[in-house]
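Engineer: Take a look at this one; I'll ask things after.
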Amino acid sequence: MVESAGTAAPGPGREVERAGLPDTADPSRERPSPSPSRAPSAPVQRCQKLGVTMDALPDELLLMVLGRVDDALTLLEEVPLVCKRWHRLSQDPRAWRSASVLIEGCTYYENSYKGEHENHAEILNAARVLVHAPALRHVSFGWYSASPGPFSCSFDKEMMTSALARSKAQVHEIEFPQPDMLEGSGLGYPDDPLEDMSPEELSLLVDFLSRNRKHVRYLKLGHMLQAGTQFQRALGQCENLEELHLMLPDGFQYQGELRGRRLPKLNRLTLKSWYKVEHCRPFLRDLFGAVAQSVRHVRCKDLCLSSKDVLAELPRCLELRSLHCGVEGVAAVKTLTRLRSLSLRIQYADRDQQRVLSAAERGLRACAPLLDLRVLRLDGGFEYGGKWGSQHSQALAALLRTLGTKTPNVTHLSTSGMLTRQVSPETVLALLKSLPRLQSVHIDRFRFDCLPALAEVGRMKRLSGEVSYREGEGDGCRAAVEQLKRQRPDLDCKLSDHQSYY
1 MVESAGTAAP GPGREVERAG LPDTADPSRE RPSPSPSRAP SAPVQRCQKL GVTMDALPDE
61 LLLMVLGRVD DALTLLEEVP LVCKRWHRLS QDPRAWRSAS VLIEGCTYYE NSYKGEHENH
121 AEILNAARVL VHAPALRHVS FGWYSASPGP FSCSFDKEMM TSALARSKAQ VHEIEFPQPD
181 MLEGSGLGYP DDPLEDMSPE ELSLLVDFLS RNRKHVRYLK LGHMLQAGTQ FQRALGQCEN
241 LEELHLMLPD GFQYQGELRG RRLPKLNRLT LKSWYKVEHC RPFLRDLFGA VAQSVRHVRC
301 KDLCLSSKDV LAELPRCLEL RSLHCGVEGV AAVKTLTRLR SLSLRIQYAD RDQQRVLSAA
361 ERGLRACAPL LDLRVLRLDG GFEYGGKWGS QHSQALAALL RTLGTKTPNV THLSTSGMLT
421 RQVSPETVLA LLKSLPRLQS VHIDRFRFDC LPALAEVGRM KRLSGEVSYR EGEGDGCRAA
481 VEQLKRQRPD LDCKLSDHQS YY
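With the UniProt record's numbering, letter number 308 in the sequence shown gets 308, and the count goes up by one each step, no holes.
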């Protein structure tokens, strides 16, 4: 039986008042004045003619509608006041499947010249959502985005300590505090919110993950591995986890909490570190043991790109479909026969780069052809203060030649920072011409004098990217682009031009 659209049921009430958090659905609250009436839309008019009202819709359809509302405060304050039925539905976890909450700290700095407390309204609203929401799609701890850190004033500490401890929400995505290199000391050391937290405050985050270990699908951990064995144990119990972003901190204790565990649904794994990855081999061995059978996409970033400890575990992921790593990891593809997308980072002017490139070429030469590979991306990066000579160019050219022979079925190739002063354009263009099934090419930035050679890649059907020119060469650049379009009318050409000052 459908409930009538009468007076709304009272809100959660008494328990909230004792905690200092206001009621969520008080009918006596001052309501906003109604907006001026306007003609209903055509679908609404058709429903009115048929006599169809909102009361006629089953709960399942209404929950689908409410499940598209991403503003948690709307679900908390407005939806329960519509009628008794909507009040009941607002307590169903399915109504909250799109809602999210951002937890920010107070902007008060003790030694600031202003000395003002701000963000208290936002802190209070986030605490209310955590306490009363039955489910949440995403919870993000945004400390350091607009505040000096977690629990930076007594109000912030009181509200969030109570809310985190009492929250019963089923959370599907959790983003823990992230270190910020830009806000660091300026000497390459990041600011990490965890360093300002007491063990009691840190345990609140650990308990929050433990309570959601059966619900969480997405985790972005920051340096939470430093939280200790209890957190690592909770991570190993997240059996429904599908995506994991992990930063390897500068040293942390690991006592085998992941050993023998399985994360059977984990599909995407991102590994990142701002420090040289050392003494992490036992943890990485157990982590990849937990995800080797399920993971399909692995992305390495920063110093994890070339970490020997990380790259040594990649061959265990036999079902991998996409991989982003340093060129040092190209030998790992020997066992990754089902790989469909490969992204390699090539660091220019590294002191040992010639040796790295030669070793990668030998390892790749020993691999069987990657017949399933369809997407290939090459990213180049320049290290200031290094040197790049003819021997480096020769080693890179040999690697790209071998790469072309091992990837005969690539249809899309993307490059970034490859056509530079350090790398001869002929080296990259030779790779393009060696791929027999290449159809689409994207080049982030390249000199316009490379366009005539690109026109000779006959199998290419799409070309996109940014053409660069120096001061005074703009007309010549645009003329070269028009010449390419006339020479290759079959080519879907989407090129923009940019003046380079280097």
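Glycine is no exception: its CB is placed at the ideal position from the N, C-alpha and C atoms.
The structure presented is a predicted model; accordingly, all values stated were derived computationally and were not measured.
1. Assuming Gln391 contacts Gln347 (C-beta within less than 8 Å), just tell me the rounded distance between them.
2. On the DSSP bridge list, what partners appear for Ile123?
3. Mind listing, in chain order, the continuous beta strand (DSSP E) runs of no fewer than 3 residues lying wholly within the segment 161–217?
4. Under a three-way DSSP split, which group does Glu473 fall into?
5. Among the candidates Arg94, Leu62, Leu73 and Asp71, whose CA atom is the shortest distance from the CA of Cys83?
6. Using a Cβ-Cβ cut-off of 7 Å (strictly less than) and excluding sequence neighbours within five positions of Thr335, which residues of its own chain qualify?
7. Ends of the alpha helix (DSSP H) at Arg261?
8. The beta strand (DSSP E) spanning Gln353 covers which residue range?
9. What three-state label does DSSP hand Gly236 in the structure shown?
10. Thinking just about the alpha-carbon of each residue, which of Ser167, Ser416, Gln170 and Asp196 is nearest to the one in Gln178?
11. Mapping DSSP to helix, strand and coil, what is Ser390?
12. I think His304 touches Lys272, with their Cβ atoms under 8 Å apart; what is that distance to the nearest whole Å?
13. Work out the CA separation of Pro369 and Asn409 for me, nearest whole Å.
14. Return the bridge partner residues of Lys220 from the DSSP annotation.
15. Is it the case that the segment 457–469 contacts the segment 398–407, given that we only count it when at least three CB pairs across the two stretches are under 8 Å?
16. Per DSSP, what are the beta-bridge partners of Glu466 in this structure?
17. Could you tell me the distance, in whole angstroms, from the CA atom of Arg211 to the CA atom of Arg437?
18. List in chain order: all unbroken beta strand (DSSP E) runs of 3+ residues lying wholly within the segment 252–323.
19. By the DSSP assignment, the beta strand (DSSP E) with Ala427 in it spans what residues?
20. Given a cut-off of 8 Å on the beta-carbon distance, is the pair Leu130 and Ala163 in contact?
21. By the 10 Å Cβ neighbour count, where 16 or more other Cβ atoms means buried, how is Tyr501 classified, buried or exposed?
22. How do the segment 259–273 and the segment 289–299 stand: do at least 3 beta-carbon pairs fall below 8 Å, yes or no?
23. Answer yes or no: do Val356 and Leu342 have a C-beta to C-beta separation smaller than 8 Å?
24. Would DSSP call Thr107 helix, strand or coil?
25. Do Gly465 and Gly417 have their beta-carbon atoms positioned less than 8 Å apart in this structure?
26. Taking the CB atoms as reference points, tell me whether Arg447 and His498 lie closer together than 8 Å.
27. Look at the Cβ atom of Ala126, then the Cβ atom of Leu102, and state whether they are nearer than 8 Å.
28. Pick out whichever of Leu75, Gly363, Leu339 and Asp352 has its Cα sitting closest to the Cα of Arg374.
29. Please state whether DSSP places Ala368 in a helix, a strand or coil.
30. CA-CA distance, Leu205 and Leu241?
31. Taking 8 Å as the threshold (C-beta atoms), are Ser100 and Arg137 in contact?
Structural biologist: On the basis of the data shown:
1. Reading the sequence shown from its first residue, position 391 is the one you call residue 391. Reading the sequence shown from its first residue, position 347 is the one you call residue 347. Not confirmed; about 16 Å, so no contact.
2. By one-based count along the sequence shown, residue 123 stands at place 123. Paired residue(s): none; Ile123 is not in a bridge.
3. 170–175
4. The sequence position of residue 473 within the sequence shown is 473, counting from 1. Three-state DSSP puts Glu473 in coil, outside helix and strand.
5. In the sequence shown, the residue the question calls residue 83 occupies position 83. Checked all of Arg94, Leu62, Leu73 and Asp71; the closest Cα to Cys83 is Leu62.
6. As a first step, residue 335 must be located in the sequence shown, where it is residue number 335. Same-chain partners within the cutoff: Pro315 and Leu318.
7. For this step, residue 261 is matched to residue 261 along the sequence shown. Careful: Arg261 lies outside any alpha helix (DSSP H) and carries neither H nor E.
8. Here residue 353 refers to the residue found at position 353 of the sequence shown. Looking at the DSSP string, Gln353 is not in any beta strand (DSSP E); the run it does join, the alpha helix (DSSP H), is Gln353 to Arg365.
9. The count along the sequence shown starts at 1 and reaches residue 236 at position 236. In the structure shown, Gly236 sits in a helix (DSSP, three-state: H, G or I).
10. Against the sequence shown, residue 178 aligns to sequence position 178. The residue with the shortest Cα to Cα distance from Gln178 is Asp196.
11. Along the sequence shown, one-based indexing puts residue 390 at 390. Three-state DSSP puts Ser390 in a helix.
12. Taking the sequence shown and counting its residues from 1, one reaches residue 304 at position 304. Taking the sequence shown and counting its residues from 1, one reaches residue 272 at position 272. The amino acid occupying residue 304 in the given sequence is Cys; His does not appear at that position. Yes, Cys304 and Lys272 are in contact; Cβ-Cβ is about 6 Å, under 8 Å.
13. What you label residue 409 is simply residue 409 of the sequence shown in a count that begins at 1. What you label residue 369 is simply residue 369 of the sequence shown in a count that begins at 1. Going from the Cα of Asn409 to the Cα of Pro369 covers about 10 Å.
14. Along the sequence shown, one-based indexing puts residue 220 at 220. BP columns for Lys220 point to Glu175 and His245.
15. no
16. By 1-based counting over the sequence shown, the position of residue 466 is 466. Paired residues: Ser496.
17. Residue mapping note: residue 211 aligns to position 211 of the sequence shown, counting from 1. Residue mapping note: residue 437 aligns to position 437 of the sequence shown, counting from 1. So the two alpha carbons sit approximately 50 Å from each other.
18. 268–273 and 297–302
19. On the sequence shown, position 427 is the one that residue 427 refers to. A small correction: the amino acid at residue 427 is Thr; Ala does not occupy that position in the sequence shown. Per DSSP, Thr427 belongs to no beta strand (DSSP E); it is in the alpha helix (DSSP H), Pro425 to Ser434.
20. Taking the sequence shown and counting its residues from 1, the one referred to as residue 130 is at position 130. Taking the sequence shown and counting its residues from 1, the one referred to as residue 163 is at position 163. Yes, the Cβ-Cβ distance between Leu130 and Ala163 is below 8 Å.
21. Locating residue 501 in the sequence shown gives position 501, counting from the first residue. By the neighbour-count rule (16 or more Cβ atoms within 10 Å), Tyr501 is not buried but exposed.
22. yes
23. Walking along the sequence shown from the start, residue 356 turns up at place 356. Walking along the sequence shown from the start, residue 342 turns up at place 342. No, these two residues do not count as a Cβ contact at 8 Å.
24. Here the question's residue 107 lines up with position 107 in the sequence shown. Here Thr107 sits in coil by DSSP.
25. On the sequence shown, position 417 is the one that residue 417 refers to. On the sequence shown, position 465 is the one that residue 465 refers to. No, they are not a contact pair.
26. The residue labelled residue 447 in the question sits at position 447 within the sequence shown. The residue labelled residue 498 in the question sits at position 498 within the sequence shown. Not in contact: Arg447 and His498 (Cβ atoms no closer than 8 Å).
27. If you number the sequence shown from 1, residue 126 lands on position 126. If you number the sequence shown from 1, residue 102 lands on position 102. Going by C-beta atoms, Ala126 is nearer than 8 Å to Leu102.
28. Sequence index remark: in the sequence shown, residue 374 carries index 374 (1-based). Of Leu75, Gly363, Leu339 and Asp352, the residue nearest in Cα terms is Leu339.
29. The residue you call residue 368 lines up with position 368 of the sequence shown. Note: Ala368 maps to coil in three-state DSSP.
30. Residue numbering aside, residue 205 sits at position 205 when the sequence shown is read from its first letter. Residue numbering aside, residue 241 sits at position 241 when the sequence shown is read from its first letter. Going by the C-alpha atoms only, they are around 17 Å apart.
31. For the purposes of this step, residue 137 is identified with residue 137 of the sequence shown, where counting begins at 1. For the purposes of this step, residue 100 is identified with residue 100 of the sequence shown, where counting begins at 1. Yes, Cβ-Cβ distance for Arg137 and Ser100 is below 8 Å.
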